[in-house]
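Peer 1:
Protein chains: 4
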Amino acid sequence: MALAIGVDIGGTKVAGGVVDEYGEVVARTRRATPSGSPADVEQVIGQVVAELREGHDVVAVGLGAAGIIDETRSVVRYAPNLVWRDEPLKERVEELVDLPVVVENDANAMAWAEHRFGAGQGEEHLLCLTVGTGIGGGLVLGGRLHRGAFGDGAALGHLNFVRHGRRCGCGQRGCIEQYCSGRALLREAREIADVDPRYGARLLELGEGHIEGITAEEVTKAAAEGDPAALECFAVIGAALGQCLADLSSALDPGVIVIGGGVADAGELLLDPVREEFARRLTGSAYRPHPPILHAALGNEAGLVGAADLARLG
Amino acid sequence: MALAIGVDIGGTKVAGGVVDEYGEVVARTRRATPSGSPADVEQVIGQVVAELREGHDVVAVGLGAAGIIDETRSVVRYAPNLVWRDEPLKERVEELVDLPVVVENDANAMAWAEHRFGAGQGEEHLLCLTVGTGIGGGLVLGGRLHRGAFGDGAALGHLNFVRHGRRCGCGQRGCIEQYCSGRALLREAREIADVDPRYGARLLELGEGHIEGITAEEVTKAAAEGDPAALECFAVIGAALGQCLADLSSALDPGVIVIGGGVADAGELLLDPVREEFARRLTGSAYRPHPPILHAALGNEAGLVGAADLARLG
Amino acid sequence: MALAIGVDIGGTKVAGGVVDEYGEVVARTRRATPSGSPADVEQVIGQVVAELREGHDVVAVGLGAAGIIDETRSVVRYAPNLVWRDEPLKERVEELVDLPVVVENDANAMAWAEHRFGAGQGEEHLLCLTVGTGIGGGLVLGGRLHRGAFGDGAALGHLNFVRHGRRCGCGQRGCIEQYCSGRALLREAREIADVDPRYGARLLELGEGHIEGITAEEVTKAAAEGDPAALECFAVIGAALGQCLADLSSALDPGVIVIGGGVADAGELLLDPVREEFARRLTGSAYRPHPPILHAALGNEAGLVGAADLARLG
Amino acid sequence: MALAIGVDIGGTKVAGGVVDEYGEVVARTRRATPSGSPADVEQVIGQVVAELREGHDVVAVGLGAAGIIDETRSVVRYAPNLVWRDEPLKERVEELVDLPVVVENDANAMAWAEHRFGAGQGEEHLLCLTVGTGIGGGLVLGGRLHRGAFGDGAALGHLNFVRHGRRCGCGQRGCIEQYCSGRALLREAREIADVDPRYGARLLELGEGHIEGITAEEVTKAAAEGDPAALECFAVIGAALGQCLADLSSALDPGVIVIGGGVADAGELLLDPVREEFARRLTGSAYRPHPPILHAALGNEAGLVGAADLARLG
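Chains as they are written, first to last, in the working numbering: chain H, 2 to 315; chain E, 2 to 315; chain L, 2 to 315; chain A, 2 to 315.
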């Protein structure tokens, strides 16, 4: 059976796994991400691959990282967590491991994994959104991963949502990422606690009396208890996300929409307001099929699984 | 040489042409669109095809029409100009002409033609926008026409631009189509003439003193003369279009953007403000290549040429 | 009993009346507005006053006109319907009639009349909005007519409602006047009929098949019949008006809000959505008294009555 | 000479002064605000008044506090910093001090002081905005303090600026207070530092590396140094403030606008972008006088001075 290794290179850890052709992870390991130069991180990647190859007949290595990967899937143009600029990652790691290497954006890898083995299995046209601190996106169109002309495809967090709105890290104002990410959830909660402490009392309590003490997990906890202020936070980001998905569905007509990432672990607390707004905002809503909006099935290992599968397929 | 026939089925005329593999139209004919039943229109299509086959060795027929075509490219689900509902057009015309038939949305066909033979030739990822009374869109992604899961792909006019904004024919409010189409251009001009007749004096003059007398052609004419009110109209719709294209570029990362349709015949009067706003609004504008924004090259026959080519390729 | 004459100078007619101290009109007359110079109009005003003085012991004359009146209530700085610029109207008419003359903006005069004798009788703080083709406003604050530092007070139609929104005659974009006036009602109706003729069928029918044939009266008629498209038009402008009034109530805390003008003749069709949005949007809505929102009581003669009363009081 | 005592009741201190008829503070004292019941605070007010009366012939006492004061200027309906509800403050303090007492909202008192002795001296129509953590407002119209029908007049921070915008403490979303207060300035700075640490480097440095460490004073300091990110923060809140003032000028036509409060101590860093946007957004901007926009002249004691003067005048 053809096995491949997937490696997820994050800001704090490098996680690797041996993945079979059914998307099962048959072996895993992880190491801390070194804080030094790209060469140090590449050494750790080499060690992870070497360790995983022991006893497994591996044909390729897929690397996933947050950032912009060039159109040849070789060079990391820019990786915010790793301070890499134009790093020829494929070449460097191939020198170390002597196996074919493919580099892919982590949200793209996750979308591919969900298309192949997860919530969107069997669907040719899949839109995948990762709702974490920021927003990541991946598109599978016509059964192929969409990478775009310059490798920047599916930067779905940067659609404009509010003209002259909140400042985004991309330099623009009003990007949807500032209205429906985990960061946005937290800001909603903290702003409510700041301007209306009585209404935000449960949130403040969970934050031990401090606005900055409130975390996204606590907003989820309060919402699960039924706290109105926390539910309002989810309603606000859910509505933004629903509008965004309605727009993307007009443009792309996906057969399924998959939502993953840390904030999506809130499950129906997030997905219910998303679906409600989506149904309300979709163009020609009454006259066309609506794609299902599903929670991602593969969890934290989706990126690793997708990177491995993309490498195996070449 | 493999020839194919393309037929553009409009509300007023049925235009057909024999197209070679270089996108050249080597013969053409046209007939008025009958106002009766779908069967009447299908008879006319049959006559057009029969006439064009005389003396040409044709392998397939491509039909283009405004509307929603199903995912098998056979059935016209809905065609606003033709009052068709779920019409099995491929089957009906194949019975009449005994050649393989492909049905395609006209904006999709145009995008394909521009990708193959026009302004976007040689570019794998192309975004094509038709700016007429409404907005039509077509996407070529990875060298293939993107049709979407339900055949509704590239309804690019229905991205939300203004929450609670202007009423759209799709039932929503604030769709971009209401802010950057020919209809939007005309509304801008008429509203200026209505609320500020002194500033809109030249527009009113061209409309022979009546607000309703102003046409899109006259707004273009006044803008070409340098009339500030008319230039403001183009600046307003150009800015909306530029924002819309910046959003779509974030999501899709096209290698080229092609703009066609009647309003685009205003050339740089439209494209200059579009490009200016696009450059201002594109995410990571300073750190990524910008796709060129070009005027469509194939004019009115793009739909016919694209439909023929899609049919020839099967 | 002290009587005064009020004269309402409109674009088509000059209407005068003798008004007693209870706001009753005890005699009336009218003439067509001459289309020539200001002097011609002033002659007609003189004739109207002369005719009305026959048999009535009149102490003063109040003139009301749409436009900007200077802070001394003497000079018409600008009157859109009369093509007047810096016309010393008080001085000119005093020469003709040999009585003290006061000039007032017509919406201010109407607000004063409603405060003294109409829907806002006995209320010290009154906000009056005239919803006609445009929006006019008048404020009575602390029992006195508010005129502002430069005589431009209560230009309530020019609060910004939508950034970069619809073009206004004042040169700005997005003024509330473009979203809740009679003109806005008509645009909503015509846009619906234009983009969605099926939904707007009843409106089109009343317009005899033409979008331009639809009038504000017909939108009201259709709404009164229960036509959903026409009701949507009132809901849209009512919501804009409700938001605007909520903002003005935050700033000014009026004891009563009075709405007059042609569009307000639709009564509850307009006032219901206004009140609903007002209650939803008023700051601290649950913790403060809400001023009643009432239909103006004095109808077309409010301007004339108010001008006369202001002149009598000096 | 007639002297009056003004007392400014804040969340942390009770500051009192003896004020003469020229607005000069001829004696002052202060005490910490007790954290207990209203009765405790009233005792402290009594002590402050008793101390200040020694050696001064005082005719009245004016009390200023943040909050909603009833229309008779006697009862504090609601004071956010003092946890008072419907406290009959005038009556209680009159029992303690045996002098006529007037209670006034602190922003109203400040507006009155600026009208009588400060930046707006001699101007009949004055609009005063206090830009601190929140936004307070006061209006002097026709030479009189405008209090409104229910004593809630001039809640100028709660005009709607962004539909569905940021949550406000008043329960609404999108109030201007959330876009141009000190709190808004700080949010802008922290959001920039959060999403774009490179651009916000100087702000982060001043905050000792922590987003929460950034204070409004440090944003002002960075802006004064010319830091682009800090200047962007002032530009954003200045533009919001300028739009808000343009709207209020349409409605009220003030002869002068005075801006005070902690954020206004940034001087031209704030006022320049305010004036620029004001000039751009004022209705009929080219055809009417623009009121000057001035920095408040009386500083921290404005509230105390205004309360004393209002009490002296009765």
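Virtual Cβ for every residue (Gly too), placed ideally from N, Cα, C.
If I measure Cβ to Cβ from F151(L) and keep anything under 7 Å in the same chain, skipping five residues before and after, which residues do I get?
Peer 2: Cβ within range, chain order: E72.
Peer 1: Return helix, strand or coil for C171(H), following the three-state DSSP convention.
Peer 2: Three-state DSSP puts C171(H) in coil, outside helix and strand.
Peer 1: Quick one: what's W113(A) bridged to in DSSP?
Peer 2: Answer is none; W113(A) lacks a bridge partner.
Peer 1: I'd like to check one pair, A120(L) with L295(L): are the Cβ atoms closer than 7 Å?
Peer 2: Yes, Cβ-Cβ distance for L295(L) and A120(L) is below 7 Å.
Peer 1: Count the other CB atoms within 10 Å of the CB of P255(L); is the residue buried (16 or more) or exposed (fewer)?
Peer 2: Buried, since its Cβ has 16 or more Cβ neighbours within 10 Å.
Peer 1: Name the residue from G285(H), G65(H), L232(H), E124(H) whose alpha carbon lies nearest to the alpha carbon of D273(H).
Peer 2: Among G285(H), G65(H), L232(H), E124(H), the Cα nearest to that of D273(H) belongs to L232(H).
Peer 1: List the residues that DSSP assigns as beta-bridge partners of I260(L).
Peer 2: Beta-bridge pairing links I260(L) to L130(L), H296(L).
Peer 1: Can you list the residues of chain L that D153(A) reaches, using a CB-CB cut of under 7 Å?
Peer 2: What D153(A) touches in chain L: D254, R289.
Peer 1: What residue range does the beta strand (DSSP E) around Y79(L) cover?
Peer 2: From DSSP, the beta strand (DSSP E) with Y79(L) extends over 77-80.
Peer 1: Cα-Cα, which of A40(L), C245(L), T30(L), E302(L) is closest to S182(L)?
Peer 2: When only C-alpha atoms are compared, the closest one is C245(L).
Peer 1: Please classify N82(L) as buried or exposed, where buried requires at least 16 neighbouring CB atoms within 10 angstroms.
Peer 2: Exposed is the call here.
Peer 1: Express the C-alpha separation of G63(L) and V103(L) in angstroms, rounding to a whole number.
Peer 2: About 5 Å.
Peer 1: Helix, strand or coil, according to DSSP, for E277(E) in the structure here?
Peer 2: The answer is helix: DSSP assigns E277(E) an H, G or I state.
Peer 1: When we look at the beta-carbon of S36(L) and count the other beta-carbons within 10 Å, is it buried (16 or more) or exposed?
Peer 2: Burial call: exposed.
Peer 1: My guess is that G149(H) and H126(E) are in contact by the Cβ rule of under 8 Å, so how many angstroms apart are they, rounded?
Peer 2: With 8 Å as the limit, G149(H) and H126(E) qualify as a contact, their Cβ atoms being about 6 Å apart.
Peer 1: For a contact defined as C-beta to C-beta under 9 Å, what are the partners of D197(E) on chain L?
Peer 2: Per Cβ cutoff of 9 Å: R168, C169, G170, C171, G172.
Peer 1: Using the Cα positions of L90(L) and V50(L), report the straight-line distance between them to the nearest angstrom.
Peer 2: Distance between the alpha carbons of L90(L) and V50(L): 14 Å.
Peer 1: For the beta strand (DSSP E) that R29(L) lies in, which residues bound it at each end?
Peer 2: Counting along the chain, the beta strand (DSSP E) containing R29(L) begins and ends at 26-33.
Peer 1: Quick test of your reading: G138(L) and A114(L), contact by CB under 8 Å. State the CB separation rounded to the nearest angstrom.
Peer 2: Not quite, the Cβ-Cβ distance comes to about 14 Å (not below 8 Å), so this is no contact.
Peer 1: For a contact meaning CB atoms closer than 9 Å, what does R145(E) contact in chain H?
Peer 2: Near R145(E) (Cβ distances below 9 Å), the residues of chain H are L142, G143, R145.
Peer 1: According to DSSP, is L83(L) part of a helix, a strand, or is it coil?
Peer 2: Reduced to three states, the DSSP call for L83(L) is coil.
Peer 1: Would you mind reading off the limits of the beta strand (DSSP E) that contains E55(E)?
Peer 2: From DSSP, E55(E) is part of no beta strand (DSSP E); its letter is neither H nor E.
Peer 1: Tell me which residues share the same chain as L299(A) and place their Cβ nearer than 7 Å to its Cβ, disregarding the 5 neighbours each side in the sequence.
Peer 2: Correct list, in chain order: A114, E115, F118, G119, V306.
Peer 1: Measuring straight from C-alpha to C-alpha, what distance separates V84(H) and R78(H)?
Peer 2: So the alpha carbons of these two residues sit roughly 10 Å apart.
Peer 1: Specify whether the region 207-219 of chain H and the region 178-197 of chain H touch according to this definition: at least 3 beta carbon pairs, one from each stretch, less than 8 Å apart.
Peer 2: Yes, since at least three Cβ pairs between the region 207-219 of chain H and the region 178-197 of chain H fall closer than 8 Å, the two stretches touch.
Peer 1: So what's E88(H) in DSSP terms, helix, strand or just coil?
Peer 2: DSSP places E88(H) in strand when its eight states are reduced to three.
Peer 1: Runs of 3 residues minimum, wholly inside the region 198-276 of chain E: which ones carry the beta strand (DSSP E) assignment?
Peer 2: Within the region 198-276 of chain E, the complete beta strand (DSSP E) runs of at least 3 residues are 257-261.
Peer 1: Which word fits Y288(E), buried or exposed, when buried means at least 16 other C-beta atoms lie within 10 angstroms of its C-beta?
Peer 2: It is exposed - the Cβ of Y288(E) has fewer than 16 other Cβ atoms within 10 Å.
Peer 1: Pull up the distance between the alpha-carbon of T284(H) and that of R191(H), whole angstroms please.
Peer 2: Distance between the alpha carbons of T284(H) and R191(H): 34 Å.
Peer 1: Exposed or buried, which one is A33(L) when buried takes at least 16 other CB atoms within 10 Å?
Peer 2: A33(L) comes out exposed.
Peer 1: G56(L): beta carbon under 6 Å from a heavy atom of the ligand ATP?
Peer 2: This structure simply doesn't include the ligand ATP, nor any ligand for that matter.
Peer 1: Let me know if H57(A) comes out buried or exposed under the rule of 16 or more other beta-carbons within 10 Å of its beta-carbon.
Peer 2: Result: exposed.
Peer 1: If you run the structure through DSSP and keep just helix, strand and coil, what is V163(H)?
Peer 2: Of the three classes helix, strand and coil, the one that applies to V163(H) here is coil, per DSSP.
Peer 1: Would you verify that the beta carbon of G56(E) is, or is not, closer than 7 Å to some beta carbon of chain H?
Peer 2: Chain H, which has no Cβ nearer than 7 Å to the Cβ of G56(E), makes this no.
Peer 1: Taking the CB atoms as reference points, tell me whether I46(L) and V76(L) lie closer together than 7 Å.
Peer 2: No. Outside cutoff.
Peer 1: Give me, in chain order, the residues of the same chain whose beta-carbon lies closer than 6 Å to that of D316(A); leave out the 5 immediate sequence neighbours on both sides.
Peer 2: A question about residue 316(A) goes unanswered here, because the residues of chain A that appear run from 2 up to 315.
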